[in-house]
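Using our numbering, the first residue of the sequence shown is number 34, and each one after it goes up by one.
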Amino acid sequence: MLLGLLLLAVFLVWRRPGPPLSVMGVSTTVSPGRVGCGGTAVVVGTIRTNGSAGSVRYRWRRSDGVSQEPEELRLSRGARSVEVVLRWTLRGHGRLNASAVLHVLSPASFDATSRFTYTCR
């Protein structure tokens with residue numbers, strides 16, 4: 034009986050929800066830093082959290098005016114970071130100093146920007 038109560042107490046403490054999910058920071062990287070004709074820039078965003086379970090809403094905005102619809106990630110307890118990826122393929126002749134911004138919309142607002150150059154002659 035005592036062992037059963039002890040196991041129940043351990044289970045209830047383990048299942049107890051922790052603090053709400055918080056975003057601790059956001060960063061982005063881009064590869065390659067220079068993109069040629071028909072090339073693709075891969076922008077990787079890292080969203081760092083406090084490790085609690087919950088949802089994060091985010092979207093990408095490109096310097097050419099394209100904004101993605103917001104997306105939602107559901108994170109399990111213990112996940113301290115998650116990566117999101119934007120693949121941007123450029124075409125046409127010319128030069129463009131481009132940037133991509135990762136906007137975290139909730140549970141708190143954070144932004145991070147990566148820049149690259151597109152050149153095609």
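Here a beta-carbon is modelled for each residue, glycine too, at the ideal position from N, C-alpha and C. Quick caveat, the model's predicted, so the values are computed rather than measured.
So the beta strand (DSSP E) residue i belongs to, where does it begin and stop?
i	result
Glu116	114-122
Arg92	87-95
Met57	56-64
Cys70	Where Cys70 is concerned, there is no enclosing beta strand (DSSP E), given that its DSSP letter is neither H nor E.
His136	127-139
Ala147	Residue identity differs from the one stated: residue 147 is Ser in this sequence, not Ala. Counting along the chain, the beta strand (DSSP E) containing Ser147 begins and ends at 143-153.
Glu105	104-108
Below 8 Å on the Cβ atoms is my contact criterion, and I expect residue i with residue j to pass it. Report the Cβ-Cβ distance as a whole number of Å.
i	j	result
Glu116	Thr79	5 Å
Ala87	Leu119	In the sequence under discussion, the amino acid at residue 87 is Gly, which differs from the Ala named in the question. Actually they are not in contact, since the Cβ atoms of Gly87 and Leu119 sit about 23 Å apart, beyond 8 Å.
Val56	Val89	7 Å
Thr73	Ser147	With 8 Å as the limit, Thr73 and Ser147 do not qualify as a contact, their Cβ atoms being about 14 Å apart.
Val75	Val137	At roughly 19 Å, the Cβ-Cβ gap does not stay under 8 Å, so Val75 and Val137 are not in contact.
Asn83	Leu106	In fact, because the Cβ distance is near 15 Å, the residues do not count as touching under 8 Å.
Arg92	Glu104	7 Å
Taking only the alpha-carbon atoms, compute the straight-line gap between residue i and residue j and give it to the nearest angstrom.
i	j	result
Ser64	Ser100	20 Å
Ser132	Gly111	32 Å
Gly127	Arg81	36 Å
Val134	Arg95	6 Å
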